[in-house]
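K.L.:
Everything in the sequence shown is counted per the UniProt record's numbering, starting at 1 for the first residue and increasing by one. A virtual CB, placed ideally from N, CA and C, is assigned to each residue, including glycine.
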Amino acid sequence: MSHDPTVTDFLADFEKECPPLVRRTDLKQFGFPLTPQTLANLAALKQGPPLFKVAGRACYRRADLVAFLRERTTRAL
Numbered sequence: 001m002s003h004d005p006t007v008t009d010f011l012a013d014f015e016k017e018c019p020p021l022v023r024r025t026d027l028k029q030f031g032f033p034l035t036p037q038t039l040a041n042l043a044a045l046k047q048g049p050p051l052f053k054v055a056g057r058a059c060y061r062r063a064d065l066v067a068f069l070r071e072r073t074t075r076a077l
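1. Rounding to the nearest angstrom, what Cα-Cα distance links Ala-12 and Pro-33 in this structure?
2. Taking all protein chains shown into account, do 16 or more other C-beta atoms lie within 10 angstroms of the C-beta of Leu-21, making it buried, or fewer, making it exposed?
3. Which residues does DSSP pair with Ala-63 in a beta bridge?
4. Let me know the secondary structure DSSP gives Phe-52 once reduced to three states.
5. Rounded to whole angstroms, what's the CA-CA distance from Pro-49 to Glu-15? Just pull it up for me.
Here you go:
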């Protein structure tokens, strides 16, 4: 399945700019398209990317976030 070039570009930039482990509340500065609240809701439903707690803070691995977005990206008709 091929991805829209803009999605591919976003993911490439996100992988370059985002640290390997990032707090949920810091994702906005890297252009992540979901809000911290949406990610928290998905985590509660066990439908989000794998979540880690570091010093009580919700964190995600960059690779898991990229995989999560790739799995859920569809092309508009």
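P.N.:
According to the structure shown:
1. Roughly 14 Å separates the two Cα atoms.
2. The residue is exposed, with fewer than 16 neighbouring Cβ atoms inside 10 Å.
3. For Ala-63, DSSP records no beta bridge to any residue.
4. DSSP places Phe-52 in strand when its eight states are reduced to three.
5. Near 15 Å, if we compare the C-alpha coordinates of Glu-15 and Pro-49.
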